[in-house]
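Enquirer:
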Amino acid sequence: MTVRNRPLSPHLQIYRWQLTSVMSILHRATGIALALGALLLVWWIAAAVRGPEAFAGVQGFIGSLLGRVLLFGWTWALFYHLLNGIRHLCWDAGWGFSLADTYRSGWLVATGSVVLTLVAWIVGYAVLGAW
Amino acid sequence: MSIRTPLGRVRGLGSAKEGVQHWWMQRLTALALVPLSLWFIFTMVAHAGYDHGQIVGWLGHPSNAVLLILLLAATFHHAQLGLQVVIEDYVHGEGAKLAGIIIVKFLAVLLATGAIVGILRLALGS
């Protein structure tokens, strides 16, 4: 068989990204990130079992700048994976398969995940009495 | 070596009857995680900054403990199914692939069990 030296697809430097494929990759990436985030939840529970001092240590880490940046990222990842997961479940049920619909639901998920993340953090800071 | 095509060799044997299990459990846990995740985010936001005593008091309500246990069980089940597919897609050596899947599945069960026992201890106050 003749081996032709065709370019492999997608050729990333000249590839024109589409919303649909980027969202598919992000769904997997946020899923991996959330699996790591679950470790924080287990650590948080383990610290609560060990006692007030250990728990204060974890709360201190979460309240630090690094902790807040990580938690903000995980908040968005959770909202994104949640909303896009619902989008996937709709597809599984056979809804929203047309090209126009996949773009419409895609933008809805992308925008919704950002808006919900901001709302959660604004309300969270309000609960803490920051404003 | 048989000259039959791979398709020809399996045609007519029927399915293994369990091919859909992974797909189905991923959807089932996803469906459970829709309300559980929303509850979790709402709870974490509403109780931001709680100290140890307040968290233990919060877990003392059975409904909170039950929902948190369900969230952890569904999360780790869903996570190990998803990570298994990621490993199957990107790890091409058979040995490394098998090792990775075993580690992910064992870790998921270990962490979920540990966290659930922890919640029960806090909820039941022992």
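Line by line, the protein sequences are chains S and V. Heads up: the first sequence begins at 10 in the working numbering, then just goes up one per residue. Heads up: the second sequence begins at 2 in the working numbering, then just goes up one per residue. For glycine and all other residues, C-beta sits at the position ideal for the given N, C-alpha and C.
Contact criterion: CB-CB distance below 8 Å. Does L32/V meet it with respect to chain S?
Expert: It does: the Cβ of L32/V has a partner Cβ on chain S nearer than 8 Å.
Enquirer: Suppose only complete runs of 3+ residues qualify. What are the beta strand (DSSP E) ranges in the region 54–79 of chain V, listed by chain order?
Expert: Entirely contained in the region 54–79 of chain V, not one beta strand (DSSP E) run reaches 3 residues.
Enquirer: So which residues of chain S does A97/V contact, with C-beta pairs closer than 7 Å?
Expert: What A97/V touches in chain S: nothing, since even the nearest Cβ is about 17 Å away.
Enquirer: Around the C-beta of S114/S, are 16 or more other C-beta atoms found within 10 angstroms, so that it is buried, or is it exposed?
Expert: Per the 10 Å Cβ criterion, buried.
Enquirer: Determine contact between the region 116–133 of chain S and the region 18–30 of chain V, defined as no fewer than three beta-carbon pairs at a distance below 8 Å.
Expert: Contact fails: fewer than three Cβ-Cβ distances are below 8 Å.
Enquirer: How would you list, in chain order, the residues of chain V whose beta-carbon sits under 8 Å from the beta-carbon of D101/S?
Expert: Simply R28.
Enquirer: Look at the alpha carbon of L80/S and the alpha carbon of L8/V, and state the distance between them as a whole number of angstroms.
Expert: Distance between the alpha carbons of L80/S and L8/V: 49 Å.
Enquirer: With 16 other CB atoms within 10 Å as the buried threshold, where does T120/S fall?
Expert: Exposed, by the Cβ-count rule.
Enquirer: Would you give the residue range spanned by the alpha helix (DSSP H) that Q27/V belongs to?
Expert: First-last of the alpha helix (DSSP H) with Q27/V: Q22 to A47.
Enquirer: Please give me, in chain order, every unbroken run of the alpha helix (DSSP H) with length at least 4 that falls completely inside the region 41–96 of chain S.
Expert: As far as the region 41–96 of chain S is concerned, its whole alpha helix (DSSP H) runs of at least 4 residues are 61–72.
Enquirer: I104/V CB to nearest chain S CB: under 8 Å?
Expert: False, the Cβ-Cβ gap to chain S never drops below 8 Å.
Enquirer: Residues in its own chain within less than 6 Å of T39/S by CB, not counting five upstream and five downstream?
Expert: Around T39/S: A86, Y89 and H90.
Enquirer: Measuring alpha carbon to alpha carbon, tell me which of F41/V, E95/V and G101/V ends up nearest S64/V.
Expert: That would be F41/V, whose Cα lies nearest to the Cα of S64/V.
Enquirer: Leaving out five residues on either side along the sequence, give the residues of the same chain with a beta carbon under 7 Å from the beta carbon of I71/S.
Expert: Contacts found: L80.
Enquirer: Check whether the region 66–80 of chain V touches the region 114–121 of chain V, counting contact only when three or more Cβ pairs, one atom from each stretch, lie closer than 8 Å.
Expert: These segments touch.
Enquirer: Decide if G126/V is buried, meaning its Cβ has at least 16 other Cβ atoms within 10 Å, or exposed.
Expert: With fewer than 16 Cβ atoms within 10 Å of its Cβ, G126/V is classed as exposed.
Enquirer: Output yes if chain S places a C-beta closer than 8 Å to the C-beta of T6/V; else output no.
Expert: No, no contact with chain S.
Enquirer: Answer with buried or exposed for R96/S, where buried requires no fewer than 16 other C-beta atoms within 10 angstroms of its C-beta.
Expert: Burial call: buried.
Enquirer: Using 8 Å for Cβ pairs, my map puts A75/V next to L37/V. What's the rounded Cβ distance?
Expert: Between L37/V and A75/V the Cβ distance is about 6 Å, and since that is below 8 Å, they are a contact.
Enquirer: Is the shortest distance between the beta-carbon of V118/S and the beta-carbons of chain V less than 8 Å?
Expert: No, V118/S does not count as interfacial toward chain V.
Enquirer: Closest Cβ-Cβ distance between R96/S and chain V: below 8 Å?
Expert: Chain V contact via Cβ: absent.
Enquirer: Is the CB-CB distance between A66/V and I54/S below 8 Å?
Expert: It is not a contact, given that the beta carbons lie outside the stated cut-off.
Enquirer: Determine the chain V residues that contact F64/S at a beta-carbon separation under 8 Å, and present them in chain order.
Expert: The contacting residues are D52, H53 and I56.
Enquirer: Would you mind working out which of A124/V, E95/V and H23/V sits nearest G83/V, comparing C-alpha positions?
Expert: Nearest option by C-alpha distance: H23/V.
Enquirer: Between the C-alpha atoms of Y134/S and S73/S, what's the straight-line distance to the nearest angstrom?
Expert: Their Cα atoms are separated by approximately 14 Å.
Enquirer: Please list, in chain order, the chain S residues whose beta carbon lies closer than 8 Å to that of I120/V.
Expert: By Cβ distance, chain S contributes I54.
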